[in-house]
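Engineer:
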Amino acid sequence: FAGMHGYTVEELIGKHFSILHTKEQMKLVEILTDQLIQTGNHVAGEVWHKRKDGTVFPTLMTGTAIRDDKGKPLYLSATAVDITERKQAIEALSWAEQNFRNSLDNSPLGIRIVTAEGELLYANQAILDIYGYSSVEELRATPVKERYTPESYVEYKERKEKRRLGKPVPSNYEISIVRKDGEIRRLAVFRKEVVWNGKTQFQAIYQDITESKRAQEEIVRLLKTVETAREAINVTSADGTIIYTNCAMDELFGYEKGELIGKYPSV
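Using the numbering used here, the first residue of the sequence shown is number 938, and each one after it goes up by one.
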């Protein structure tokens, strides 16, 4: 995460996350942060970031609020995946309409073209690899229900019904799929209208975010383990400043949550 922004870990510890965004970007970040605190999580969505050298780049972010036993937010955990290549792939489709088919075929992201009713018109090699199928015919012949986890299939039907009724449906969302070999993978999806063979159809672009989701879940698990440990635990920066204490540490020394942050162990 630090390297993606051009920083070392030490340079980011103790800093406000606003250093990773421009003023314009912070408007959306603040909205997402409030949403995260209120609801406990937000699904993958596009958020632009700023590097140390001032350049900006797009990311796909997910977040989770870690709460205490009373439901009070203690920390906000977030993962960010650089989607510059994904954005470039999407933009390339607009910039080179005459090479549209080649762009789809060679894209590192999974891409499907479907009708409003869900009929599969096109699938590239990347989406076949994601699902583990050897051909478009095999993908087309597999019932939709078998390609989703039960929970994700329910969400799929809800999205389809909303579209049928003309209700708004987010263009960015997440799904859990079942590969041909039975493995479950988590995908981020971006859906938009395109012109295909002279007719308006729908393009869905898929990015496998399974590993980043697992990393986020592991971070949450570790933080909860440390936070609820009976042993007093604190973490200091390279210069000795306290940057984290768990509940046992605060209780042992009689401090409120957060009071020790920024101080030196000599207190």
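C-beta atoms are modelled at their ideal positions from N, C-alpha and C, and glycine is treated no differently. Given the structure is predicted, the values throughout are model-derived calculations rather than measurements.
Out of Pro-1010, Leu-1124, Phe-1139 and Lys-1097, state which residue places its alpha-carbon closest to the alpha-carbon of Leu-973.
Structural biologist: Here residue 973 corresponds to residue number 36 of the sequence shown, with the count starting at 1. Closest option to Leu-973, Cα to Cα, is Pro-1010.
Engineer: For the candidate residues Val-966, Tyr-1143 and Arg-1151, whose alpha-carbon lies nearest to that of Ile-1067?
Structural biologist: Translated into positions along the sequence shown, residue 1067 becomes position 130. Measuring from the Cα of Ile-1067, the nearest candidate turns out to be Tyr-1143.
Engineer: Out of Thr-970, Leu-1058 and Asp-990, point me to the one whose CA is closest to His-942's CA.
Structural biologist: The residue you call residue 942 lines up with position 5 of the sequence shown. Comparing Cα positions, the closest option is Asp-990.
Engineer: So, Pro-995 versus Ile-1020, is the Cβ gap smaller than 8 Å?
Structural biologist: The sequence position of residue 995 within the sequence shown is 58, counting from 1. The sequence position of residue 1020 within the sequence shown is 83, counting from 1. Yes, the Cβ-Cβ distance between Pro-995 and Ile-1020 is below 8 Å.
Engineer: How far does the alpha helix (DSSP H) with Met-1186 in it extend, from its first residue to its last?
Structural biologist: In the sequence shown, the residue the question calls residue 1186 occupies position 249. Element bounds for Met-1186: 1184–1190.
Engineer: I need the straight-line Cα distance from Ile-1027 to Ile-1064, nearest angstrom please.
Structural biologist: Stepping through the sequence shown from its first residue, residue 1027 is reached at position 90. Stepping through the sequence shown from its first residue, residue 1064 is reached at position 127. For Ile-1027 and Ile-1064, the distance between alpha carbons rounds to 15 Å.
Engineer: On the criterion of 16 or more Cβ atoms from any shown chain inside 10 Å, does Ile-1112 qualify as buried, or is it exposed?
Structural biologist: Taking the sequence shown and counting its residues from 1, one reaches residue 1112 at position 175. Buried, because 16 or more other Cβ atoms sit within 10 Å of the Cβ of Ile-1112.
Engineer: If we count the other Cβ atoms within 10 Å of its Cβ and call it buried at 16 or more, is Phe-1127 buried or exposed?
Structural biologist: As a first step, residue 1127 must be located in the sequence shown, where it is residue number 190. By the 10 Å Cβ count, Phe-1127 comes out buried.
Engineer: Check for me: the beta strand (DSSP E) holding Val-1172 runs from which residue to which?
Structural biologist: Taking the first residue of the sequence shown as 1, we reach residue 1172 at position 235. Its beta strand (DSSP E) spans residues 1171–1173.
Engineer: DSSP three-state label for Leu-1206, please.
Structural biologist: Because the chain spans 938 through 1204 in this model, residue 1206 falls outside it and cannot be assessed.
Engineer: Could you check whether Tyr-1093 and Val-1115 sit closer than 8 Å to each other, using their CB atoms as the reference points?
Structural biologist: Your numbering for residue 1115 matches position 178 in the sequence shown. Your numbering for residue 1093 matches position 156 in the sequence shown. Cβ distance not < 8 Å, so Val-1115 and Tyr-1093 don't count as in contact.
Engineer: Alpha carbon to alpha carbon, what distance is there between Tyr-1192 and Asp-971?
Structural biologist: Translated into the one-based positions of the sequence shown, residue 971 becomes position 34. Translated into the one-based positions of the sequence shown, residue 1192 becomes position 255. Taking the straight line from one Cα to the other gives about 27 Å.
Engineer: Using C-beta distances below 7 Å, list every residue in its chain close to Arg-1049, excluding the 5 sequence neighbours before and after it, in chain order.
Structural biologist: Against the sequence shown, residue 1049 aligns to sequence position 112. If we look at Arg-1049 and ignore the five residues flanking it on each side, its Cβ neighbours are Leu-1057, Tyr-1059, Ala-1060, Ile-1064 and Ala-1141.
Engineer: Taking only runs that begin and end inside the segment 943–971, name each unbroken alpha helix (DSSP H) of 4 or more residues, in chain order.
Structural biologist: As far as the segment 943–971 is concerned, its whole alpha helix (DSSP H) runs of at least 4 residues are 946–949.
Engineer: Is the beta carbon of Ser-1040 sitting closer than 8 Å to the one on Ala-1053?
Structural biologist: Within the sequence shown, residue 1040 is the residue found at index 103, counting from 1. Within the sequence shown, residue 1053 is the residue found at index 116, counting from 1. It is not a contact, given that the beta carbons lie outside the stated cut-off.
Engineer: Contact defined as beta carbons within less than 8 Å: I believe Thr-1147 pairs with Arg-1122. What is the distance between those atoms, to the nearest angstrom?
Structural biologist: Walking along the sequence shown from the start, residue 1147 turns up at place 210. Walking along the sequence shown from the start, residue 1122 turns up at place 185. About 5 Å; that satisfies the 8 Å criterion.
Engineer: Return the chain-ordered list of same chain residues with a C-beta closer than 6 Å to the C-beta of Lys-1104, the five sequence neighbours on each side being excluded.
Structural biologist: As a first step, residue 1104 is located in the sequence shown; it is residue number 167 there, counting from the start. Excluding residues within five positions, none has a Cβ falling inside 6 Å.
Engineer: By the DSSP assignment, the alpha helix (DSSP H) with Leu-1076 in it spans what residues?
Structural biologist: Here residue 1076 is taken as the residue at index 139 of the sequence shown, counted from 1. Leu-1076 -> alpha helix (DSSP H) spans 1073–1078.
Engineer: Could you compute how far the alpha carbon of Val-993 sits from the alpha carbon of Arg-1101?
Structural biologist: Numbered from its first residue, the sequence shown carries residue 993 at position 56. Numbered from its first residue, the sequence shown carries residue 1101 at position 164. Going by the C-alpha atoms only, they are around 38 Å apart.
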